[in-house]
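If you count by my numbering, then the sequence shown holds residues 18 to 250, one letter each, in order.
Just so you know, even glycine gets a beta-carbon here, dropped at the ideal spot from N, CA and C.
Please read all numbers here as calculations on a predicted model, not as lab measurements.
I have placed the structure first, in the form of structure tokens, so that the comments after it can refer back to it.
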Amino acid sequence: MGLDSVEILMKVEDTFGIKIPDGEAEQIYTIGDFHNAVWRHLSGKSSAKCKSQILFYKLRKLLNEEFNFSPHQIKLETSPDDIFPQEFRREKYLKFSDTIGLTLPELKLTRPWSTLLSIFGFVTITGGLVTSLILINFFNISKWTLLITVAGALLTFIFSNLLNSKRTAINEQTFREFIQHTLALNYSTLLVNEGTNRQEMETVMNHIIADMAGLDLKEVSSEKRIADDLGID
Numbered sequence: 018m019g020l021d022s023v024e025i026l027m028k029v030e031d032t033f034g035i036k037i038p039d040g041e042a043e044q045i046y047t048i049g050d051f052h053n054a055v056w057r058h059l060s061g062k063s064s065a066k067c068k069s070q071i072l073f074y075k076l077r078k079l080l081n082e083e084f085n086f087s088p089h090q091i092k093l094e095t096s097p098d099d100i101f102p103q104e105f106r107r108e109k110y111l112k113f114s115d116t117i118g119l120t121l122p123e124l125k126l127t128r129p130w131s132t133l134l135s136i137f138g139f140v141t142i143t144g145g146l147v148t149s150l151i152l153i154n155f156f157n158i159s160k161w162t163l164l165i166t167v168a169g170a171l172l173t174f175i176f177s178n179l180l181n182s183k184r185t186a187i188n189e190q191t192f193r194e195f196i197q198h199t200l201a202l203n204y205s206t207l208l209v210n211e212g213t214n215r216q217e218m219e220t221v222m223n224h225i226i227a228d229m230a231g232l233d234l235k236e237v238s239s240e241k242r243i244a245d246d247l248g249i250d
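Laid out in structure tokens, this is it:
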């Protein structure tokens, strides 16, 4: 396993309170191998209790108390975008997260702003690299001009932070997906000592892998090879 894979492994170990020996970790090639390795070390910690179900009812109750949103209107297929208020969403969303003591999935930039950030990053970073190469190859300027590219990346990072107030989009399409992601983000503190079940374990692991590797959750499936298919070093 490469460095990125090791970081993911350590996060999974911390989440489930286990330790996978190095020799065993080196035999993990696919997501399915990873699932099997973790499940073996959870022997004796299995449980019929479904934490995602517990979390669903807990959040539904708290959303009713915080936003006066009728629990009967919140179903697994309900869109989270319809549940959290549009007005001052970011402020209310973060406050709700603090109130309930749970880490919620990050809000994303809405389409116009995400497009603008992508264009800005491409222009500053790629433009800086092209400018540096021209100065080095045609004007014999010091290779230190490559720092222009670093400056472009820094500017993109700063611009991204300046757009934080525009991050109001909820990425999850259904409340089911929202619950699963929230569970993955908080699993180590949500009744982990009471055990887990195989399906829940795989869901949590897939979210951790997707989040840390910057992948779409749909890309993470049992048959995928961690390095060759997902590009995780």
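If you compare alpha carbons, which of H52, M218, S131 is closest to N188?
S131
Touching or not, the region 90 to 106 and the region 169 to 179, by the rule of three or more beta carbon pairs under 8 Å?
no
Hey, out of L150, P122, N178, M218, whose CA is closest to T199's CA?
P122
Alpha carbon to alpha carbon, what distance is there between V55 and D250?
20 Å
Hey, would you say G145 sits closer than 8 Å to I165, going by beta carbons?
Contact: yes.
Quick check on the burial criterion: 16 or more other C-beta atoms within 10 angstroms. Buried or exposed for R77?
buried
Evaluate Q190 with the Cβ neighbour count: other Cβ atoms within 10 Å of its Cβ, from every protein chain shown; 16 or more gives buried, anything less gives exposed.
exposed
What residue from F176, T220, G248 has the CA that sits closest to S135's CA?
It is F176.
Tell me which residues share the same chain as P88 and place their Cβ nearer than 6 Å to its Cβ, disregarding the 5 neighbours each side in the sequence.
R77, N81
Does the distance from the C-beta atom of L59 to that of T213 stay below 8 Å?
yes
Mapping the DSSP letters down to three states, classify L79 as helix, strand or coil.
helix
Is the Cβ-Cβ distance between L247 and A230 less than 8 Å?
yes
Count the other CB atoms within 10 Å of the CB of L179; is the residue buried (16 or more) or exposed (fewer)?
exposed
From what residue to what residue does the beta strand (DSSP E) around T185 run?
184 to 186
In three-state DSSP terms, what is K241?
coil
DSSP on T213, reduced to helix/strand/coil?
Three-state result, T213: strand.
Could you tell me whether the Cβ atoms of T116 and E83 are closer together than 8 Å?
yes
Beta-carbon contacts of S182 that lie in its chain and below 7 Å, excluding the five residues immediately before and after:
Spatial neighbours of S182 in its own chain (CB-CB distance under 7 Å, excluding positions within 5 residues in sequence) are listed in chain order as R107.
Unbroken alpha helix (DSSP H) run spanning Q197, endpoints:
Counting along the chain, Q197 sits inside the alpha helix (DSSP H) bounded by residues 192 to 203.
Give me, in chain order, the residues of the same chain whose beta-carbon lies closer than 8 Å to that of I142; leave out the 5 immediate sequence neighbours on both sides.
T166, G169, A170, T173
C-alpha gap between K36 and F113, whole angstroms:
34 Å
Residue range of the alpha helix (DSSP H) that includes H89:
It is not in any alpha helix (DSSP H) - H89 carries neither H nor E in the DSSP assignment.
For L124, which residues in the same chain have their Cβ closer than 7 Å to its Cβ, ignoring the five residues on either side in sequence?
R107, Y110, R184, T185, A186, I187
Just checking, does the region 156 to 164 make contact with the region 37 to 53 on the three C-beta pairs under 8 Å criterion?
no
Please classify F156 as buried or exposed, where buried requires at least 16 neighbouring CB atoms within 10 angstroms.
exposed
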